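Numbering of the sequence shown is given in this note's numbering, commencing with residue 9 and proceeding in unit increments.
By construction, the Cβ of each residue, glycine as well, lies at the ideal position given by its N, Cα and C atoms.
Keep in mind the model is a prediction, meaning the values are calculated, not measured.
The next block holds one structure in the form of structure tokens; read it before the comments.
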Amino acid sequence: MNNVEYKRKSKFAVVVVVILFFFFSALVYYQSLLQPVTTKSDATLKIVNIPKGYSTVEIAKVLKENNLIKNEWFFIWRAKALGADGKLQAGKYLLSPNMTPDDIIKKIFEGKAQKDTIKVTIPEGYTVKDIANKLSQLGLVNKDKFLEISQNDTFNYDFLKDVPKDRPNRLEGYLFPDTYQIPIEADEKEIINIMLKRFQEVYNSNIKDIAKNIGMTPDQIVIIASMIEKEAVVDKDRPLIAGVIYNRLEKHMKLQIDATVQYALGKHKDKLLYKDLEVDSPYNTYQHYGLPIGPICNPGLKSIKAALFPAEHDFYYYVAKKDGSHIFSVTYEDHLKAQREIEASENNNAK
Numbered sequence: 009m010n011n012v013e014y015k016r017k018s019k020f021a022v023v024v025v026v027i028l029f030f031f032f033s034a035l036v037y038y039q040s041l042l043q044p045v046t047t048k049s050d051a052t053l054k055i056v057n058i059p060k061g062y063s064t065v066e067i068a069k070v071l072k073e074n075n076l077i078k079n080e081w082f083f084i085w086r087a088k089a090l091g092a093d094g095k096l097q098a099g100k101y102l103l104s105p106n107m108t109p110d111d112i113i114k115k116i117f118e119g120k121a122q123k124d125t126i127k128v129t130i131p132e133g134y135t136v137k138d139i140a141n142k143l144s145q146l147g148l149v150n151k152d153k154f155l156e157i158s159q160n161d162t163f164n165y166d167f168l169k170d171v172p173k174d175r176p177n178r179l180e181g182y183l184f185p186d187t188y189q190i191p192i193e194a195d196e197k198e199i200i201n202i203m204l205k206r207f208q209e210v211y212n213s214n215i216k217d218i219a220k221n222i223g224m225t226p227d228q229i230v231i232i233a234s235m236i237e238k239e240a241v242v243d244k245d246r247p248l249i250a251g252v253i254y255n256r257l258e259k260h261m262k263l264q265i266d267a268t269v270q271y272a273l274g275k276h277k278d279k280l281l282y283k284d285l286e287v288d289s290p291y292n293t294y295q296h297y298g299l300p301i302g303p304i305c306n307p308g309l310k311s312i313k314a315a316l317f318p319a320e321h322d323f324y325y326y327v328a329k330k331d332g333s334h335i336f337s338v339t340y341e342d343h344l345k346a347q348r349e350i351e352a353s354e355n356n357n358a359k
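Structure, rendered in structure tokens:
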């Protein structure tokens, strides 16, 4: 073999190798595009809204923005290859980044939106605004619309009859904290009703008759329970805090509960300042006697039961320790002493 032929064959071999390299690289890339964005089993489910009239191109953009597909143009090509182009249906879909593009196309093509539900846990102590934020982040509601409906729409439940319609945050206290399976096609009012119906069950079995027996309205019980929910960290303290609230009400003392000031301020502060205690609000129990104008959060069943069955004692004061539990005192002098003991303990631990 002469030198010219050798060089020619060598070049041919290089070309073949390059072609094969690009072919296998393209094949690997193609195979990767057929795979999910992630293979993690705990990948977060996402609610994606496909508006009416959206084209495959527009749908691909929405999916890419939600990190549900790797490549928009590949998704569009696969939709055409599978005969789904122009036939993807509008609706809300529960999708996951560990679904393949073909799985996503099939689900949207078949229009399986209405059958999906998403598990949502609303913790005890969440406010209506907290709930609106969480549901909005999940893609279930429009936050502003949720808040507007909760404030102004009509809800026919016995426990709401005594709630003033002009109360700020009218449903505060009544969107019961629990774990729900919410249909992703449910609108804002339907979701609110799901939570109100759960409160109706709690009301019928726990509040309705007992509140009447102890001379309180259901609304007053919910207001007290909401303060307990925000003040108590340790369960054993809940009925004790309830007892303090009832004792102070009976003596016509201001409740002076920090959590009501936090609610009036509209934000959480680790440490309240004296000027914070002067905030002008009907929720501020440092400025006004009696109960605040309404609940300051949505309390759980433990706090509701504490409000219905307060511990009987002579305490009028309590102060929180670093672990969240409280020291309870009969006199203001003992209360100040407890505060000094806690401050000294915290200072020693800081050294």
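*State the CB to CB distance for the pair Tyr101 and Ile116, rounded to an integer number of angstroms; the pair is presumed to be in contact (CB under 8 Å).*
Counted from its first residue, the sequence shown places residue 101 at position 93. Counted from its first residue, the sequence shown places residue 116 at position 108. With a Cβ gap of about 6 Å, Tyr101 and Ile116 count as contacting.
_Cβ-Cβ distance between Pro307 and Tyr254 below 9 Å_ = Position 299 of the sequence shown, counted from the start, is the residue given in the question as residue 307. Position 246 of the sequence shown, counted from the start, is the residue given in the question as residue 254. It is not a contact, given that the beta carbons lie outside the stated cut-off.
*What does DSSP give as the partner residues of Ser337 in its beta bridges?*
Within the sequence shown, numbered from 1, the residue matching residue 337 stands at position 329. For Ser337, which the question treats as bridged, DSSP gives the partners Tyr325.
*Go through its chain and collect everything with a Cβ distance to Gly147's Cβ below 6 Å, but skip five positions before and after it.*
As a first step, residue 147 is located in the sequence shown; it is residue number 139 there, counting from the start. Excluding residues within five positions, the ones whose Cβ falls inside 6 Å are Ile55.
*asked:* Spatial neighbours of Glu80 within its chain, please: C-beta separation below 7 Å, excluding the five flanking residues on both sides.
replied: On the sequence shown, position 72 is the one that residue 80 refers to. Closer than 7 Å at Cβ, skipping near neighbours: Ala68, Lys69, Lys72.
*asked:* Assuming Phe154 and Leu168 are in contact, meaning their beta carbons sit under 8 Å apart, how far apart are those beta carbons, in whole angstroms?
replied: As a working mapping, residue 154 is identified with position 146 in the sequence shown. As a working mapping, residue 168 is identified with position 160 in the sequence shown. Going by Cβ atoms, the distance from Phe154 to Leu168 rounds to 17 Å, so no, they are not a contact pair.
*asked:* Quick check: the segment 168 to 186 against the segment 298 to 305, are at least 3 beta-carbon pairs closer than 8 Å?
replied: yes
*Return the chain-ordered list of same chain residues with a C-beta closer than 7 Å to the C-beta of Pro105, the five sequence neighbours on each side being excluded.*
Numbered from 1 along the sequence shown, position 97 holds the residue referred to as residue 105. If we look at Pro105 and ignore the five residues flanking it on each side, its Cβ neighbours are Pro44, Val45, Thr46, Ala51, Asn75, Leu76.
*In three-state DSSP terms, what is Gln189?*
To locate residue 189, count along the sequence shown from 1; it is residue 181. Three-state DSSP puts Gln189 in a strand.
_Could you tell me the alpha carbon to alpha carbon distance between Arg175 and Ile312, rounded to whole angstroms?_
Position 167 of the sequence shown, counted from the first residue, corresponds to residue 175. Position 304 of the sequence shown, counted from the first residue, corresponds to residue 312. Approximately 21 Å between the Cα atoms of the pair.
_According to DSSP, is Lys54 part of a helix, a strand, or is it coil?_
Counted from its first residue, the sequence shown places residue 54 at position 46. Lys54: strand per DSSP, three-state reduction.
*Between Leu316 and Asn214, which are expected to be in contact by the criterion C-beta below 8 Å, what is the C-beta distance as a whole number of angstroms?*
If you number the sequence shown from 1, residue 316 lands on position 308. If you number the sequence shown from 1, residue 214 lands on position 206. Going by Cβ atoms, the distance from Leu316 to Asn214 rounds to 7 Å, so yes, they are a contact pair.
_Cutting at 7 Å between CB atoms, please list the residues of its own chain near His343, excluding the five before and the five after it._
Position 335 of the sequence shown, counted from the start, is the residue given in the question as residue 343. Tyr325, Val327, Ser337, listed in sequence order.
*Could you tell me if Lys238 is buried or exposed, where buried requires 16 or more neighbouring beta carbons within 10 angstroms of its beta carbon?*
In the sequence shown, the residue the question calls residue 238 occupies position 230. So Lys238 ends up on the buried side.
*Do Phe184 and Val252 have their C-beta atoms closer together than 9 Å?*
To locate residue 184, count along the sequence shown from 1; it is residue 176. To locate residue 252, count along the sequence shown from 1; it is residue 244. No. Outside cutoff.
*asked:* Judging by CA-CA distance, which residue of Asp93, Arg206, Gly99, Val128 is the nearest neighbour of Ile113?
replied: Position 105 of the sequence shown, counted from the start, is the residue given in the question as residue 113. Minimum Cα distance to Ile113 is reached at Asp93.
*asked:* Quick check on the DSSP output: the alpha helix (DSSP H) that includes Tyr254 runs from which residue to which?
replied: Mapped onto the sequence shown, residue 254 falls at position 246. Segment 246 to 258, the alpha helix (DSSP H) holding Tyr254.
*Kindly indicate the opening and closing residues of the beta strand (DSSP E) around Tyr101.*
To locate residue 101, count along the sequence shown from 1; it is residue 93. Looking at the DSSP string, the run of the beta strand (DSSP E) that includes Tyr101 is 99 to 103.
*Measure the C-alpha to C-alpha separation of Gln270 and Asp288 and round it to an integer number of angstroms.*
Taking the sequence shown and counting its residues from 1, one reaches residue 270 at position 262. Taking the sequence shown and counting its residues from 1, one reaches residue 288 at position 280. So the alpha carbons of these two residues sit roughly 12 Å apart.
*Nearest to Ile301 (by Cα), restricted to the options Ile229, Glu132, Val241*: Here residue 301 refers to the residue found at position 293 of the sequence shown. Here the closest residue by C-alpha is Ile229.
_Please return the same chain residues whose Cβ sits closer than 8 Å to the Cβ of Lys151, not counting the five positions on each side in sequence._
Against the sequence shown, residue 151 aligns to sequence position 143. Hits under 8 Å: Ala140, Asn141, Leu143, Ser144.
_Quick check on the DSSP output: what are the complete beta strand (DSSP E) runs of length 3 or more inside the segment 96 to 166, in order along the chain?_
99 to 103, 125 to 129
*Counting Cβ pairs, one atom from each stretch, are 3 or more of them under 8 Å apart for the segment 188 to 203 and the segment 219 to 227?*
no
*Specify the secondary structure class of Thr47 as computed by DSSP and reduced to three states.*
Here residue 47 corresponds to residue number 39 of the sequence shown, with the count starting at 1. Correct three-state label for Thr47: coil.
_Whole-Å CB distance - Ile199 paired with Val136, under 8 Å assumed_ = Looking up residue 199 in the sequence shown gives position 191. Looking up residue 136 in the sequence shown gives position 128. The Cβ separation is near 12 Å, so there is no contact.
*For Phe83, I'd like the list of residues in its chain whose CB is within less than 7 Å of its CB, leaving aside the five on either flank, ordered along the chain.*
The sequence position of residue 83 within the sequence shown is 75, counting from 1. Once the five neighbours on either side are set aside, the close Cβ partners of Phe83 are Ala68, Leu71, Ile77, Pro109.
*Kindly indicate which three-state DSSP category Thr225 falls into: helix, strand or coil?*
To locate residue 225, count along the sequence shown from 1; it is residue 217. In the structure shown, Thr225 sits in coil (DSSP, three-state: anything other than H, G, I, E or B).
*Three-state class that DSSP yields for Ala240 in the structure shown*: If you number the sequence shown from 1, residue 240 lands on position 232. Correct three-state label for Ala240: coil.
*Have a look at Gln264 and Leu285 and give me their C-alpha separation to the nearest angstrom.*
For the purposes of this step, residue 264 is taken as residue 256 along the sequence shown, with counting starting at 1. For the purposes of this step, residue 285 is taken as residue 277 along the sequence shown, with counting starting at 1. Between Gln264 and Leu285, the C-alpha separation is close to 9 Å.
*Distance, Cα to Cα, Glu349 vs Ala272?*
Residue 349 sits at position 341 when you count from the first residue of the sequence shown. Residue 272 sits at position 264 when you count from the first residue of the sequence shown. If I take the Cα positions, the gap works out to 29 Å.
*asked:* Quick check on the DSSP output: the alpha helix (DSSP H) that includes Glu180 runs from which residue to which?
replied: On the sequence shown, residue 180 is found 172 positions in, with the first residue counted as 1. Here Glu180 belongs to no alpha helix (DSSP H), and DSSP marks it neither H nor E.
*Under 8 Å by Cβ, that's how I've got Lys197 and Asp161 pegged, so tell me the actual separation to the nearest angstrom.*
The residue given as residue 197 occupies position 189 in the sequence shown. The residue given as residue 161 occupies position 153 in the sequence shown. About 6 Å separates the two Cβ atoms, so the contact holds.
*asked:* Among Leu103, Ala346, Lys262, Thr125, whose alpha-carbon lies nearest the alpha-carbon of Lys329?
replied: Locating residue 329 in the sequence shown gives position 321, counting from the first residue. It is Ala346.
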